[in-house]
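K.L.:
Numbered by numbering that gives the first Met the number 0, the letters in the sequence shown go through residues 0 to 244 in order.
Every residue gets a Cβ at the ideal spot worked out from N, C-alpha and C, and that includes glycine.
Supplied in structure tokens, the structure appears directly below.
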Amino acid sequence: MREELLNEIREDVVAQLIERSPWFSEVEIQNEGLALRDLTAGYGPFTELLATEKFSDFFFNGDGGSWINRGNLLERYIFEIPERLLINFVRTQALRAGKHFDQAHPAIDLELGPGIRLHALLPPIIEGGIHLSIRVNQQRSLVPRDDRFQLLSDLIIHGRRNFLISGGTGSGKTTLLAHLLEELPLDQRILVIEDTHEIIASHPHLLRMQARERNSEGAGEISVRELIRQALRMKPDRIFLGEVR
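Here's what the structure looks like:
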């Protein structure tokens, strides 16, 4: 129903452009229609990027160009999207999350989808226009099931040890945690607590809890600390706490 309504609105806007702006070329009208589609549906101006590229990080540095990391190094990337569309998209996503993105609130973290995080900044806290960082969790890359992994699994999973995974950005912390989680016995009750949904693992008795930031009115915050307190009342066999920022 919502998608049908959005399609009707987009068609109406394009029709109004054709009727009231005869100086617009067919290409310009088509581009405006696509821009409106991108603003209201899917991943907005990043839809094509996320559909066609496999990457871990994408950076839009305002007037300094764009960069992408498809593996182990950053490369220049041609991303010709008008800045106003990027700002409008982030503002739309912010409003859906009960937040604001403007000069009074020039920094924001958003979850575009499972495992897709967006961070955005506006002047005055950064120079050169809007800056965006998109992080895509590529955690389903394989972890070798070699003797070292089996030793680690036996030690901390089957040995029921508490453990901490640390490492640099993109080093595979979440990947390792997800694979270790899948080593747990199927009859155990597992709780995963995160501030952003990243851990994707298969287990028949896995429950997920996610923290929430306060909204633009300063209300509605649910902290990781509060989720841990609630989780302890649910008789879990194991609690997995995702990345702590």
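(1) Do R69 and the ligand NAP come close, with the Cβ less than 7 Å from some heavy atom?
(2) Is it right to say A200 is buried, meaning 16 or more other beta carbons lie within 10 angstroms of its own, or is it exposed?
(3) If H196 and P113 are in contact, beta carbons under 8 Å, what's the gap, nearest whole angstrom?
(4) Y42 bridges to which residues according to DSSP?
(5) Give the range of the beta strand (DSSP E) segment to which H130 is assigned.
(6) So A210 is in the beta strand (DSSP E); what residue range does that whole segment cover?
(7) So, for G171: in the same chain, excluding its five sequence neighbours on each side, which residues have a beta-carbon less than 7 Å away from its beta-carbon?
(8) With a threshold of 16 other CB atoms inside 10 Å of the CB of P44, please say whether the residue is buried or exposed.
(9) Is the beta carbon of I67 sitting closer than 8 Å to the one on V89?
(10) Mind checking who N60 pairs with in its DSSP beta bridge?
(11) Give the range of the beta strand (DSSP E) segment to which N68 is assigned.
(12) Where does D145 sit, in a helix, a strand or coil, going by DSSP?
(13) Just curious, the beta strand (DSSP E) that A106 is in, first and last residue?
(14) At the level of alpha carbons, what is the spacing between D145 and H202?
(15) Contact criterion: CB-CB distance below 8 Å. Does G70 meet it with respect to chain B?
(16) Tell me I192's beta-bridge partners as DSSP assigns them.
(17) Grouping DSSP H, G and I as helix and E and B as strand, with all else coil, what is R232?
P.N.:
Taking the coordinates as given:
(1) This structure lacks the ligand NAP; in fact it carries no ligand of any kind.
(2) Classification of A200: buried, given that the 10 Å Cβ count is 16 or more.
(3) The pair is a contact, with the Cβ atoms about 5 Å apart (cut-off 8 Å).
(4) Y42 is bridged by DSSP to nothing; it lacks a bridge partner.
(5) Element bounds for H130: 130-135.
(6) Note, A210: premise wrong, no beta strand (DSSP E); not H, not E.
(7) None.
(8) Buried, since its Cβ has 16 or more Cβ neighbours within 10 Å.
(9) In terms of Cβ geometry, I67 and V89 do not form a close pair [threshold 8 Å].
(10) Beta-bridge pairing links N60 to H130.
(11) 65-68 is the span of the beta strand (DSSP E), which, as asked, contains N68.
(12) When secondary structure is reduced to three states using DSSP, D145 falls in the coil class, being assigned neither helix nor strand.
(13) Per DSSP, A106 belongs to the beta strand (DSSP E) from 106-112.
(14) Taken atom to atom, the span from the alpha-carbon of D145 to that of H202 is near 21 Å.
(15) Checking the listed chains, one finds no chain B in this structure; it contains a single protein chain.
(16) Checking the DSSP bridge columns, you'll see I192 partnered with M208, L240.
(17) In this structure, R232 counts as helix in the three-state DSSP scheme.
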